[in-house]
Every structure is written in C-alpha cells, then in structure tokens.
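Trainee:
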Amino acid sequence: MHNYKELEVWKESIKFCPEIYKLVRKLPEEEKFGLISQLKRAVISIPSNIAEGSAKSSDKHFIIFLENSLGSCYEIETQLLVCVELSFITEIEYNQIMEKLFSIIKKLIKFIKYLNDKNK
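Residues in the sequence shown are numbered consecutively from 948, following my numbering.
#1: Can you give me the Cβ contacts of H949 inside the same chain, cut-off strictly under 6 Å, excluding the 5 residues immediately before and after it?
#2: Leaving out five residues on either side along the sequence, give the residues of the same chain with a beta carbon under 7 Å from the beta carbon of I961.
#3: To which residues of the same chain is C1030 closer than 6 Å at the C-beta, ignoring the five residues directly before and after it?
#4: Which class does L1028 belong to by DSSP, given the choice of helix, strand or coil?
#5: State the start and end residues of the unbroken alpha helix (DSSP H) segment that holds A1002.
What follows is the structure, encoded as structure tokens:
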C-alpha cells in the first residue's frame, strides 16, 4: 500500500481541481448539466482514483486506478477541446490548462511504468 498524500502526482492533481472549477465558471449556464458537470466529475476523479487505488493490496490493482486517473485526464483534454470548438474558452486558456494537465499525465505514466517494472 502507498500513502497517497505523499505522492507528487496526487498533490499536483489536488491543486489542479480549482483550476478547472475556475474555468467552468466561464461556461454558459446551459452547460450546467453538460460540460460543467463532466469537467468537475473528471477532475475530481483524478486524485480520488489515486487515493482509492493506494489502498489496494497490490500494485497490480493500484495500477488499474492510476489508469482510471489517466483516463480522466484524457477525458478533460477532450472536453476542453470541445470548449475551444464552441468558443467557450480561448486557445490561450486551453494551452495554459493543458500545460498543467500534461504534467499530471506525465507523472501518472511514469508512476504506472515504475510500478509495472517493479513487479516484473
């Protein structure tokens, strides 16, 4: 088992949540049950899956939850691209958020690889 609160990727993903919450305030009210809801759920699921997976009895099971977190990252990326296409956010806003999201993605991929290599 891992102490999720000591994991850099968990810490970074917690700090990322307010970024998305600030961003969705700019979206139209009509997206309350669409993009806004989806983005909020996806961003919260990143640190939540890391925390939940850390309690699993094996790295193999932990990796599944880390992969779920990674999937949520890609879900956010897709939803942000839709926001750009709909002119809800600018390319500059997208790039600023994506820089932070890519950092989390890189850390997740590196951690998953580390756990996989460790258990070969």
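Using N, Cα and C, we set each Cβ at its ideal position, and we do this for glycine too.
Mentor: Per the coordinate set shown:
#1: The answer, listed in chain order, is S1001.
#2: Answer for I961: P994, listed in chain order.
#3: Apart from the 5 residues on each side of it in sequence, C1030 sits with its Cβ closer than 6 Å to the Cβ of I1036 in its chain, given in chain order.
#4: Three-state result, L1028: helix.
#5: It is not in any alpha helix (DSSP H) - A1002 carries neither H nor E in the DSSP assignment.
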